[in-house]
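Participant:
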Amino acid sequence: MSKLAIQGGAPAKTKAFPAWPQHDELERRALLEVLESGNWWRSEGDKTAAFERAFADYHQANHGIAVTNGTHAIEVALAALDIRPGDEVIVPNATFVATASAALFAGALPRLVDVRADNFCIDPELAEAAINERSKAIIAVHLGGCPADIDALKSIANKHGIALLEDAAHAHGSEWRGRKVGALGRGGTFSFQASKTMTAGEGGIILSDDDGFERMARSVHDCGRLPGEWFYSHYHYGSNYRLSEWQGAVLLAQLTRLDEQTARRNTNGRLLDHLLSQIAGIKPQRLDSRATRNGHYAYIFHFEPRHFADITRPQFEAALQAEGIPTQPPYPPLHQLDLFQSGAYKHRLSGAQAAEDHAFLRAPFPNSVREFEETIWITQRALLGDEQDMREVAAALQKISENAAELT
14 MSKLAIQGGA PAKTKAFPAW PQHDELERRA LLEVLESGNW WRSEGDKTAA FERAFADYHQ
74 ANHGIAVTNG THAIEVALAA LDIRPGDEVI VPNATFVATA SAALFAGALP RLVDVRADNF
134 CIDPELAEAA INERSKAIIA VHLGGCPADI DALKSIANKH GIALLEDAAH AHGSEWRGRK
194 VGALGRGGTF SFQASKTMTA GEGGIILSDD DGFERMARSV HDCGRLPGEW FYSHYHYGSN
254 YRLSEWQGAV LLAQLTRLDE QTARRNTNGR LLDHLLSQIA GIKPQRLDSR ATRNGHYAYI
314 FHFEPRHFAD ITRPQFEAAL QAEGIPTQPP YPPLHQLDLF QSGAYKHRLS GAQAAEDHAF
374 LRAPFPNSVR EFEETIWITQ RALLGDEQDM REVAAALQKI SENAAELT
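Using my numbering, you'd call the opening residue of the sequence shown number 14 and step up by one each time.
Below, the structure is given as structure tokens:
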């Protein structure tokens with residue numbers, strides 16, 4: 014009989030990983046307080062406002078604006094930057110579609126650029142090369158929780174007079190040079206969707222140290238109102254992106270565990286870096302020495318197919334899942350999505366921009382394609398385990414390495 018679990022062998026994993034999401038009496042009590050208060054709307058309650066302050070404080074930011082989800086957080090941030098039709102926003106090609114669709118929502122063109130081969134975050138040199146007279150912002154995605162090169166990106170943004178935004182949907186608690194990500198540029202956005210490292214099922218937040226940006230973003234998220242003004246005064250474009258008291262209450266409770274869980278994920282991630290680097294053909298996502306903590310929405314590693322009998326990523330994932338290791342697929346490269354291949358993205362553009370040929374979409378984007386085809390993402394709950402769990406992950410990968418030919 015095969016040694017691989019997918020072929021009928023015994024799984025490498027002998028004990029279950031921690032469950033996700035995690036909750037206890039803190040969430041129950043907080044939700045009951047909202048229920049009995051009768052203040053279920055954030056404008057009448059205090060839970061969401063308290064969460065905004067607490068999350069911003071934890072991330073060493075001056076301001077926090079809680080919104081309905083991570084996608085809306087990017088949309089609000091771009092509106093606060095006055096991104097308009099005809100503008101361009103530079104976006105990494107390896108990210109969830111929301112990073113690009115938020116630019117389209119504003120009527121702007123997401124100019125896709127490739128990522129670095131070692132950490133799969135936006136390549137600063139390619140980002141700078143993509144800047145033109147229409148460019149208004151760069152969005153740096155901290156993929157998997159691994160911080161992008163903030164030093165280089167800030168320097169480029171400042172040099173060209175454009176904004177730097179952080180898409181930190183994966184990076185709760187991640188650090189660059191000892192400071193939490195999220196307010197290292199003009200602003201940063203986070204998601205609290207169910208798979209994220211703290212969650213209320215849905216939800217998002219925008220962080221910033223910039224008072225003017227915060228004022229505009231808060232107005233956009235609340236129907237164009239301004240703090241302290243009459244309720245029915247509306248000064249700017251805005252919509253209803255407000256987070257409810259129910260989610261604010263849950264997130265306040267979730268935040269109490271974030272630092273300990275982030276420290277555990279980071280420690281386990283570094284142990285996996287050591288263990289997996291000893292397996293031929295496996296190369297962990299590179300963590301820059303200036304990135305002092307990785308919040309690890311996922312543990313990402315690249316595998317060389319030639320060391321694994323040329324199996325495909327889906328085959329590798331299936332084999333790893335059978336061994337008891339939870340995985341999720343990486344994001345498809347944006348330029349390969351039907352949205353861009355069919356030209357449907359142009360429906361959100363206007364004027365000359367809608368009629369132009371966007372030749373950058375025909376670029377090969379080798380690193381983004383390689384990331385999709387040859388990386389494995391182990392889900393974040395696995396990193397909440399202990400040292401035994403990490404060694405069992407490594408054992409499962411070693412087992413697949415030794416028996417990969419059975420999968421072809």
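We put the beta carbon where it would ideally sit given N, CA and C, even for glycine.
Hey, G201 and L166: beta-carbon distance below 8 angstroms or not?
Facilitator: On the sequence shown, residue 201 is found 188 positions in, with the first residue counted as 1. On the sequence shown, residue 166 is found 153 positions in, with the first residue counted as 1. Cβ distance not < 8 angstroms, so G201 and L166 don't count as in contact.
Participant: Taking the alpha carbon of A62 as the reference point, which residue from A23, L264, A372 has its own alpha carbon closest?
Facilitator: Mapped onto the sequence shown, residue 62 falls at position 49. Answer by Cα proximity: L264.
Participant: Starting from the C-beta of E141, find all residues in its chain whose C-beta is less than 7 angstroms away, skip the five residues before and the five after it, and write them out in chain order.
Facilitator: By one-based count along the sequence shown, residue 141 stands at place 128. Hits under 7 angstroms: I169.
Participant: Determine, using beta carbons only, whether S132 and H348 come nearer to each other than 8 angstroms.
Facilitator: Here residue 132 corresponds to residue number 119 of the sequence shown, with the count starting at 1. Here residue 348 corresponds to residue number 335 of the sequence shown, with the count starting at 1. It is Asn, not Ser, that sits at residue 132 in the sequence shown. No, they are not a contact pair.
Participant: Check for me: the beta strand (DSSP E) holding F76 runs from which residue to which?
Facilitator: As a first step, residue 76 is located in the sequence shown; it is residue number 63 there, counting from the start. It is worth fixing the name first, because residue 76 is His in this sequence and not Phe. Residues 76-80.
Participant: Measuring CB to CB, does M403 end up less than 8 angstroms from L256?
Facilitator: If you number the sequence shown from 1, residue 403 lands on position 390. If you number the sequence shown from 1, residue 256 lands on position 243. For M403 and L256, no; Cβs fall outside 8 angstroms.
Participant: Among residues of its own chain, excluding the 5 on either side of M14, which ones have a beta-carbon nearer than 8 angstroms to its beta-carbon?
Facilitator: As a working mapping, residue 14 is identified with position 1 in the sequence shown. Model confidence at M14 stands at a pLDDT of 45, short of 50, so the residue's coordinates are unreliable and nothing is read from them.
Participant: For a test of the three-state rule: what should DSSP assign to I175, helix, strand or coil?
Facilitator: Locating residue 175 in the sequence shown gives position 162, where the first residue counts as 1. In the structure shown, I175 sits in coil (DSSP, three-state: anything other than H, G, I, E or B).
Participant: Please name the residue or residues paired with A230 in a DSSP beta bridge.
Facilitator: If you number the sequence shown from 1, residue 230 lands on position 217. A230 pairs with nothing; no bridge assigned.
Participant: List the whole-angstrom C-beta distance separating T305 from G191, where the pair is believed to meet the contact cut-off of C-beta under 8 angstroms.
Facilitator: Taking the sequence shown and counting its residues from 1, the one referred to as residue 305 is at position 292. Taking the sequence shown and counting its residues from 1, the one referred to as residue 191 is at position 178. Yes, T305 and G191 are in contact; Cβ-Cβ is about 5 angstroms, under 8 angstroms.
Participant: R199: which of A93, Y358, P346 sits nearest, CA to CA?
Facilitator: Taking the first residue of the sequence shown as position 1, residue 199 is located at position 186. Out of A93, Y358, P346, A93 has the C-alpha closest to the C-alpha of R199.
Participant: Where does the unbroken alpha helix (DSSP H) through L48 begin, and where does it stop?
Facilitator: Position 35 of the sequence shown, counting from 1, holds the residue named residue 48. From DSSP, the alpha helix (DSSP H) with L48 extends over 38-50.
Participant: Let me know the alpha helix (DSSP H) ranges lying completely inside the segment 201-256, each 4 residues or longer, listed in chain order.
Facilitator: The qualifying runs are 224-234.
Participant: Does the Cβ-Cβ distance between D235 and G214 come in under 8 angstroms?
Facilitator: Position 222 of the sequence shown, counted from the first residue, corresponds to residue 235. Position 201 of the sequence shown, counted from the first residue, corresponds to residue 214. No, they are not a contact pair.
Participant: Nearest CA to the CA of F118: which residue from E384, G398, A368, R361?
Facilitator: By 1-based counting over the sequence shown, the position of residue 118 is 105. Residue R361 is the option with its Cα nearest to F118.
Participant: Report the option in R66, F314, A32, E88 whose CA atom is closest to the CA atom of D180.
Facilitator: Position 167 of the sequence shown, counted from the start, is the residue given in the question as residue 180. Of R66, F314, A32, E88, the residue nearest in Cα terms is E88.
Participant: From Q267 to A409, what does the alpha carbon distance come to, in whole angstroms?
Facilitator: One-based indexing of the sequence shown puts residue 267 at position 254. One-based indexing of the sequence shown puts residue 409 at position 396. C-alpha separation (whole angstroms): 31 angstroms.
Participant: Please return the same chain residues whose Cβ sits closer than 7 angstroms to the Cβ of N253, not counting the five positions on each side in sequence.
Facilitator: Residue numbering aside, residue 253 sits at position 240 when the sequence shown is read from its first letter. The answer, listed in chain order, is C236.
Participant: According to DSSP, simplified to helix, strand and coil, what is W189?
Facilitator: Here residue 189 is taken as the residue at index 176 of the sequence shown, counted from 1. DSSP places W189 in strand when its eight states are reduced to three.
Participant: Could you tell me the distance, in whole angstroms, from the CA atom of L197 to the CA atom of I151?
Facilitator: Residue numbering aside, residue 197 sits at position 184 when the sequence shown is read from its first letter. Residue numbering aside, residue 151 sits at position 138 when the sequence shown is read from its first letter. Each residue's Cα considered, the two are about 13 angstroms apart.
Participant: Taking three-plus beta-carbon pairs below 8 angstroms as touching, is the segment 313-324 in contact with the segment 379-392?
Facilitator: These segments touch.
Participant: Nearest to L300 by CA position, among E38, A67, D162, is which residue?
Facilitator: Counting from one through the sequence shown, the residue named residue 300 turns up at place 287. Minimum Cα distance to L300 is reached at D162.
Participant: Which same chain residues, not among the five before or five after R231, have their C-beta less than 7 angstroms away from its C-beta?
Facilitator: For the purposes of this step, residue 231 is identified with residue 218 of the sequence shown, where counting begins at 1. Closer than 7 angstroms at the Cβ level, and outside the excluded window around R231, lie I78, P240.
Participant: Can you name, in chain order, every residue of its own chain whose Cβ lies under 8 angstroms from the Cβ of G398, other than the five neighbours on each side?
Facilitator: By 1-based counting over the sequence shown, the position of residue 398 is 385. Correct list, in chain order: F30, P31, N281.
Participant: For W53, collect the residues of the same chain with a Cβ closer than 7 angstroms to its Cβ; drop the 5 residues on either side in sequence, then sort them by chain order.
Facilitator: Within the sequence shown, residue 53 is the residue found at index 40, counting from 1. These residues qualify, in order along the chain: V47, S257, E258, W259.
Participant: If I measure Cβ to Cβ from H309 and keep anything under 7 angstroms in the same chain, skipping five residues before and after, which residues do I get?
Facilitator: For the purposes of this step, residue 309 is taken as residue 296 along the sequence shown, with counting starting at 1. So the list reads G157, G158, R278, N279, G282, Q393, L396, once near-sequence residues are dropped.
Participant: Between the Cα of L39 and those of A417, A368, G261, spot the shortest distance and give me the residue it belongs to.
Facilitator: In the sequence shown, counting from the first residue as 1, residue 39 sits at position 26. Closest option to L39, Cα to Cα, is G261.
Participant: Tell me, please, which residues DSSP counts as bridged to K296.
Facilitator: The residue you call residue 296 lines up with position 283 of the sequence shown. DSSP, once it has assigned bridges, lists H315 as partnering K296.
Participant: For F226, count the other beta carbons within 10 Å of its own beta carbon; 16 or more makes it buried, fewer makes it exposed. Which is it?
Facilitator: To locate residue 226, count along the sequence shown from 1; it is residue 213. So F226 counts as buried.
Participant: Give the secondary structure of T112 by DSSP, where H, G and I count as helix, E and B as strand, and everything else as coil.
Facilitator: The residue given as residue 112 occupies position 99 in the sequence shown. Helix.
Participant: Is it the case that the Cβ atoms of A176 and K209 are separated by a distance below 8 angstroms?
Facilitator: For the purposes of this step, residue 176 is taken as residue 163 along the sequence shown, with counting starting at 1. For the purposes of this step, residue 209 is taken as residue 196 along the sequence shown, with counting starting at 1. No.
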